[in-house]
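Asker:
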Ligand SMILES: C[S@@+](CC[C@H](N)C(=O)[O-])C[C@H]1O[C@@H](n2cnc3c(N)ncnc32)[C@H](O)[C@@H]1O
């Protein structure tokens, strides 16, 4: 966008003209170069008008948000890189072992779709707050979030984590071992989680269920959690902002429609079913957290 610093423009070397007089310019008196400059000046005037309209619309939005209790300077999430850098420096969400676990997963060809480093730390702290001994994870990948969860659990606790892809499951088992968590602390169940969850129901009730795979079926995992968490147990769902698209009724493809519908239904159920007291933490991806109350 062109920046206008003065109300005067240079129409020829040494000759300036007030913008408000532009309309008086007669085309035949000007050569191509001057005509171009006049067009540029008109664009500047237009861009000012556009900026003014944008400013007015923004002000109306901010007024509307403030009526809803949303303030512009305490926005949902904090994207200032200096604050992000500060938070990393002070809270140190990832230690060298976790960094090497992520790197090993890349070397083994696993996709780069672990939880964000801060979401990993959130998981560890949330799990720690529940004093969890029995935790269920949907979506193991290379075990990155699982290691965070295990670190938050009581020392005798057990994590059941579900993974569709056998290669991911193998890498995860190795990574769990490297992090000091053997078969007595973690079981990786291979196959579709919706089917395999039945195999652990005899161990219910669970303290925490973390959902991070198969977005279309998030509502089914939530219904399972409703029945198999203890009262006071916690359900956590990752990616619940739907990459910034969760509110859209229509995605760009049928697949995206299904994913967004899955995430919206999950959020609606956890927020409004009466079975949980829930919130959505404004992490980069959106982390929905609900405590089972009924
Ligand atoms: C987003 S990744 C999980 C990341 C992991 N929680 C972490 O942060 O380290 C999703 C994983 O779920 C697996 N997956 C996809 N559909 C699944 C299903 N129906 N049942 C179990 N696992 C599934 C994928 O193969 C992938 O490894």
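Residue numbers (this note's numbering): 253 to 546. Every residue, glycine too, gets a C-beta built ideally from N, C-alpha and C. Since the model is a prediction, treat every value here as computed from it, not as a measurement.
Start and end of the beta strand (DSSP E) containing residue 533?
Answerer: Within the chain shown, the letter at position 281 stands for residue 533. Counting along the chain, the beta strand (DSSP E) containing residue 533 begins and ends at 528-533.
Asker: Whole angstroms is fine: what's the gap from residue 457's alpha carbon to residue 505's?
Answerer: Taking the chain shown and counting its residues from 1, the one referred to as residue 457 is at position 205. Taking the chain shown and counting its residues from 1, the one referred to as residue 505 is at position 253. Cα-Cα distance, rounded: 38 Å.
Asker: Between the beta-carbon of residue 395 and the beta-carbon of residue 427, is there less than 8 Å?
Answerer: One-based indexing of the chain shown puts residue 395 at position 143. One-based indexing of the chain shown puts residue 427 at position 175. It is a contact, given that the beta carbons lie within the stated cut-off.
Asker: Looking at the unbroken alpha helix (DSSP H) that takes in residue 422, where does it start and where does it end?
Answerer: What you label residue 422 is simply residue 170 of the chain shown in a count that begins at 1. Unbroken alpha helix (DSSP H) run through residue 422: 418-430.
Asker: By the three-class DSSP mapping on this structure, what secondary structure does residue 367 have?
Answerer: For the purposes of this step, residue 367 is taken as the residue at position 115 of the chain shown. Coil, per DSSP.
Asker: Tell me the start and end of each unbroken alpha helix (DSSP H) in the stretch 469-518 that is at least 4 residues and wholly inside, in chain order.
Answerer: List check, alpha helix (DSSP H) in window: 470-480.
Asker: When every heavy atom of ligand 1 is checked, does at least one fall within less than 7 Å of the C-beta of residue 379?
Answerer: Locating residue 379 in the chain shown gives position 127, counting from the first residue. Not under cutoff, so the answer is no.
Asker: With distances taken Cα to Cα, identify the nearest neighbour of residue 378 among 363, 365, 537 and 533.
Answerer: Counting from 1 along the chain shown, the entry for residue 378 is found at position 126. Nearest option by C-alpha distance: 533.
Asker: Compare the C-alpha of residue 421 against each of 407, 446 and 393 and name the closest.
Answerer: The count along the chain shown starts at 1 and reaches residue 421 at position 169. When only C-alpha atoms are compared, the closest one is 393.
Asker: At the level of alpha carbons, what is the spacing between residue 336 and residue 535?
Answerer: Taking the first residue of the chain shown as 1, we reach residue 336 at position 84. Taking the first residue of the chain shown as 1, we reach residue 535 at position 283. Using only the alpha carbons, I get a separation of about 11 Å.
Asker: Distance, Cα to Cα, residue 462 vs residue 521?
Answerer: Here residue 462 refers to the residue found at position 210 of the chain shown. Here residue 521 refers to the residue found at position 269 of the chain shown. Roughly 15 Å separates the two Cα atoms.
Asker: Are there 16 or more other CB atoms within 10 angstroms of the CB of residue 544, so buried, or fewer, so exposed?
Answerer: Taking the chain shown and counting its residues from 1, the one referred to as residue 544 is at position 292. Counting Cβ neighbours within 10 Å, residue 544 comes out buried, since at least 16 surround it.
Asker: In whole angstroms, what is the alpha-carbon distance linking residue 446 and residue 416?
Answerer: Mapped onto the chain shown, residue 446 falls at position 194. Mapped onto the chain shown, residue 416 falls at position 164. The straight-line gap from Cα to Cα measures roughly 10 Å.
Asker: Can you tell me which of 512, 508 and 376 puts its alpha carbon nearest to the alpha carbon of residue 499?
Answerer: Looking up residue 499 in the chain shown gives position 247. Considering only alpha carbons, the answer is 512.
Asker: Which partner residues does residue 386 have in the DSSP bridge list?
Answerer: Counting from 1 along the chain shown, the entry for residue 386 is found at position 134. DSSP lists 410 as partners of residue 386.
Asker: Would you mind reading off the limits of the alpha helix (DSSP H) that contains residue 343?
Answerer: Position 91 of the chain shown holds residue 343. Unbroken alpha helix (DSSP H) run through residue 343: 333-343.
Asker: DSSP beta-bridge partners for residue 356?
Answerer: For the purposes of this step, residue 356 is identified with residue 104 of the chain shown, where counting begins at 1. According to DSSP, which records beta bridges pairwise, residue 356 is partnered with nothing at all.
Asker: Less than 8 Å between the beta carbons of residue 436 and residue 480, yes or no?
Answerer: Numbered from its first residue, the chain shown carries residue 436 at position 184. Numbered from its first residue, the chain shown carries residue 480 at position 228. Cβ distance not < 8 Å, so residue 436 and residue 480 don't count as in contact.
Asker: With DSSP collapsed to three states, give me the class of residue 276.
Answerer: Reading the chain shown from its first residue, position 24 is the one you call residue 276. With a pLDDT of 48 at residue 276, under the threshold of 50, the modelled position of that residue is not reliable, and the figure given next carries that caveat. Helix at residue 276.
Asker: If you measure between the beta carbons of residue 488 and residue 531, is that distance less than 8 Å?
Answerer: As a first step, residue 488 is located in the chain shown; it is residue number 236 there, counting from the start. As a first step, residue 531 is located in the chain shown; it is residue number 279 there, counting from the start. For residue 488 and residue 531, no; Cβs fall outside 8 Å.
Asker: One question on the structure: do residue 424 and residue 398 come within less than 8 Å of each other, judged by their Cβ atoms?
Answerer: Taking the first residue of the chain shown as position 1, residue 424 is located at position 172. Taking the first residue of the chain shown as position 1, residue 398 is located at position 146. Yes, the pair counts as a contact, with Cβ atoms nearer than the cut-off.
Asker: Helix, strand or coil, according to DSSP, for residue 398 in the structure here?
Answerer: For the purposes of this step, residue 398 is taken as residue 146 along the chain shown, with counting starting at 1. Here residue 398 sits in helix by DSSP.
Asker: Using DSSP with H/G/I as helix, E/B as strand and the rest coil, what is residue 545?
Answerer: Taking the first residue of the chain shown as 1, we reach residue 545 at position 293. If DSSP states are grouped into helix, strand and coil, residue 545 belongs with coil.
Asker: Under 7 Å: does the beta carbon of residue 446 sit that close to some heavy atom of ligand 1?
Answerer: Here residue 446 refers to the residue found at position 194 of the chain shown. Yes, the Cβ of residue 446 comes within 7 Å of a heavy atom of ligand 1.
Asker: Specify, as a first and last residue, the run of the alpha helix (DSSP H) that residue 447 falls within.
Answerer: The residue given as residue 447 occupies position 195 in the chain shown. That run of the alpha helix (DSSP H) goes 445-448.
Asker: Can you name, in chain order, every residue of its own chain whose Cβ lies under 8 Å from the Cβ of residue 382, other than the five neighbours on each side?
Answerer: For the purposes of this step, residue 382 is identified with residue 130 of the chain shown, where counting begins at 1. Here the set comprises 459, 460, 484, 485 and 486.
Asker: In three-state terms, what does DSSP make of residue 378?
Answerer: Looking up residue 378 in the chain shown gives position 126. Of the three classes helix, strand and coil, the one that applies to residue 378 here is helix, per DSSP.
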